[in-house]
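Note that full-length UniProt numbering has the sequence shown beginning at 1, numbered continuously upward. For every residue, glycine included, the Cβ atom is placed at its ideal position computed from N, Cα and C. Note that the coordinates shown come from a computational prediction; the quantities given were computed from them, not determined experimentally. Working notes, structure below.
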Amino acid sequence: MTTKFKRSIIHYSSVRDIEMVIEELFEEIDEKISDYEQKQAKYQLEGCNFLSDETHGKIIGLLLMKCYLRDKLSEVRERYKP
Numbered sequence: 001m002t003t004k005f006k007r008s009i010i011h012y013s014s015v016r017d018i019e020m021v022i023e024e025l026f027e028e029i030d031e032k033i034s035d036y037e038q039k040q041a042k043y044q045l046e047g048c049n050f051l052s053d054e055t056h057g058k059i060i061g062l063l064l065m066k067c068y069l070r071d072k073l074s075e076v077r078e079r080y081k082p
C-alpha cells in the first residue's frame with residue numbers, strides 16, 4: 001500500500017512556497033471538478049436526476065473552496081508584501 005504524503009503549509013516559511021502549495025491545491029480541485037462534471041453528464045444521460053443534482057452540489061462546493069483559497073492567497077500576498 002502506497003501512502004501519498006501531501007505538503008503542509010505550516011512547513012513553509014516563504015510566500016512563494018505557500019503560493020506553490022495553494023497552486024497545487026487548485027490543480028487538484030480542477031481535476032476533481034472535471035471528474036464530477038463527467039459523472040454529472042453520465043447521470044443526466046441515465047436519467048438519475050438525484051445523483052446529477054448531488055454531483056452538481058459537490059462541484060459548487062469545490063468551486064467555493066477554490067474561491068476561498070484564492071482569497072486566502074491574496075491575503076497572504078498582501079500581508080507579506082516586500
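Q: Under the assumption that threonine 55 contacts lysine 39 (Cβ atoms under 8 angstroms), give the Cβ distance between them as a whole number of angstroms.
A: 5 angstroms
Q | Rounded straight-line distance, which links the Cα of tyrosine 68 to that of isoleucine 18 | A | 15 angstroms
Q. Over what stretch of residues does the alpha helix (DSSP H) that includes serine 14 continue unbroken?
A. Segment: none, serine 14 is in no alpha helix (DSSP H) and carries neither H nor E.
Q.
Tell me the DSSP secondary structure of lysine 58 in three-state form.
A. helix
Q: Assign tyrosine 80 to one of two classes, buried (16 or more other C-beta atoms within 10 Å of its C-beta) or exposed (fewer than that).
A: exposed
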